[in-house]
Amino acid sequence: EELNPLLGFEVTYPPEFPLTEASITSYALLIGGPLLIVLGFLLMVPAIRAFHFASGTIKNDDPPATLVTSGPYAFVRNPIAISYALILTGLYIISGLTELLVINVFLSIGTAIWICCKEEPELRERFGQEYGEYEANVLAWLPRCCPYDPAQSMV
Numbered sequence: 071e072e073l074n075p076l077l078g079f080e081v082t083y084p085p086e087f088p089l090t091e092a093s094i095t096s097y098a099l100l101i102g103g104p105l106l107i108v109l110g111f112l113l114m115v116p117a118i119r120a121f122h123f124a125s126g127t128i129k130n131d132d133p134p135a136t137l138v139t140s141g142p143y144a145f146v147r148n149p150i151a152i153s154y155a156l157i158l159t160g161l162y163i164i165s166g167l168t169e170l171l172v173i174n175v176f177l178s179i180g181t182a183i184w185i186c187c188k189e190e191p192e193l194r195e196r197f198g199q200e201y202g203e204y205e206a207n208v209l210a211w212l213p214r215c216c217p218y219d220p221a222q223s224m225v
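Residue numbering for the sequence shown follows the numbering used here, beginning at 71 and increasing consecutively.
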């Protein structure tokens, strides 16, 4: 057995059998943290690229000229905010630093408030009915099972 200084608990290589509750938990944490970080980046990178292909950036002063509904945005309206939360949760699991959990909670709440009160009203004003249909078909925080296709929109 070896104490993992980063995780702060013992991890056996290879796992001992029969698996105990403690060993299952340690392996879940060992795999879960990095997995969430990877998932966060796998969501973030295509979301940023979708903005780039729409001739814009994620910066508020350089938004895309068209409504981005492709890539991760075809499944969920706020993939970048979700990716930040996934990455910070993964870092918290790996490090055990309560500060990361607190930062994640406050950042997520602040981001949700900003999106609800500032970003979405601006998108409704800029894109009108197009954004209304997108908003009615794609949830803000929970992904759809299949991608949104504006041509197939029923709303």
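Glycine included, every Cβ here is placed at the ideal spot set by N, Cα and C.
Counted as a single uninterrupted DSSP element, the alpha helix (DSSP H) harbouring Ile164 occupies residues 149-165.
Exposed is the label assigned to Asn130, since fewer than 16 other Cβ atoms lie within 10 Å of its Cβ. Look at Ser96 here: in three-state DSSP terms it is helix. In the structure shown, Ile128 falls within a coil segment according to DSSP collapsed to helix, strand and coil. Under the 8 angstroms Cβ criterion, the segment 139-150 counts as touching the segment 208-217, having at least three qualifying pairs.
In chain order, Asn148, Ala151, Ala210 place their CB closer than 8 angstroms to the CB of Ile185, counting only its own chain and leaving out the 5 sequence neighbours on each side. Per DSSP, the continuous alpha helix (DSSP H) segment holding Ser178 begins and ends at 168-184.
Residues Gly141 of the same chain have their beta carbon placed closer than 8 angstroms to that of Arg119, with the five preceding and five following residues left out of the count. For a cut-off of 8 angstroms, the C-beta gap from Gly110 to Leu156 is around 4 angstroms, short enough to register as a contact. The beta-carbon distance between Tyr201 and Arg194, rounded to whole angstroms, is 5 angstroms. This is short enough to meet the 8 angstroms contact definition. DSSP, read as helix, strand or coil, puts Pro134 in coil. Spanning the alpha carbons of Ser125 and Tyr97 requires a straight line of approximately 43 angstroms.
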